[in-house]
Ligand code: INI
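In my numbering, the protein residues as written are 44 to 208.
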């Protein structure tokens with residue numbers, strides 16, 4: 044495959060989220076950061092045509108609880124995708140690896156078990172500055188906004204795969 048063709052395949056697709064229902068499961072731990080990620084999710088989904096009424100938000104104590112709530116949403120059949128939002132800062136905990144690792148593993152297990160996309164919109168950073176730099180306002184870098192695009196892309200992709208003749 045030529046370089047241009049490969050680049051075209053790598054580039055982000057046009058995202059159309061109209062008609063999709065998305066849930067966000069948001070960790071309260073470090074909520075000065077996770078609220079910024081949630082703002083990013085709303086911005087990102089609005090940009091693809093998902094109306095605010097089609098976004099359901101729930102809060103859980105921390106990143107460790109995200110997989111269970113996300114799996115419950117995925118099993119409910121009420122949403123097309125789930126976005127997990129959390130913030131685990133290494134400097135703030137001695138069990139950083141446990142919380143971050145279990146959250147990631149749980150999300151992966153839940154999406155593989157249910158077949159519903161569950162996006163890992165969880166920041167795992169060395170310090171607060173890094174977390175703030177990945178959760179910026181409109182026009183800046185925001186992992187929540189990226190997670191929104193991933194959710195819409197995966198829903199559209201799975202629909203194509205599952206309806207392919
Ligand atoms: N939860 C987070 O989301 N981020 C953290 O940085 C964090 N730290 O530092 O410990 C954290 N801990 C709480 C954890 O997610 C659970 O809520 C708690 O252990 C109860 O199960």
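Glycine is no exception: its CB is placed at the ideal position from the N, C-alpha and C atoms.
How big is the Cα-Cα spacing for residue 63 and residue 98?
As a first step, residue 63 must be located in the chain shown, where it is residue number 20. As a first step, residue 98 must be located in the chain shown, where it is residue number 55. Their backbone Cα atoms lie some 9 Å apart in a straight line.
Could you give the residue range of the alpha helix (DSSP H) that holds residue 99?
Along the chain shown, read from residue 1 onward, the residue named residue 99 stands at position 56. First-last for residue 99: 98-103, but that is the beta strand (DSSP E), not the alpha helix (DSSP H).
Do the CB positions of residue 122 and residue 66 come within less than 8 Å of each other?
Here residue 122 refers to the residue found at position 79 of the chain shown. Here residue 66 refers to the residue found at position 23 of the chain shown. For residue 122 and residue 66, yes; Cβs fall inside 8 Å.
Quick check: the Cα distance between residue 87 and residue 202, rounded to an integer number of angstroms?
Indexing the chain shown from 1 puts residue 87 at position 44. Indexing the chain shown from 1 puts residue 202 at position 159. If you take the alpha carbons of residue 87 and residue 202, they lie about 20 Å apart.
Could you say which of 141, 81, 143, 152 lies nearest to residue 115 if we only look at CA atoms?
One-based indexing of the chain shown puts residue 115 at position 72. It is 152 whose Cα lies nearest to the Cα of residue 115.
Beta-bridge partners of residue 69, as assigned by DSSP:
Locating residue 69 in the chain shown gives position 26, where the first residue counts as 1. In DSSP, residue 69 forms a bridge with 102, 128.
Where do the ends of the beta strand (DSSP E) carrying residue 163 lie?
Along the chain shown, one-based indexing puts residue 163 at 120. Run containing residue 163: 161-168, per the beta strand (DSSP E) assignment.
Tell me, which residues are paired with residue 178 by DSSP?
The residue you call residue 178 lines up with position 135 of the chain shown. Paired residues: 185.
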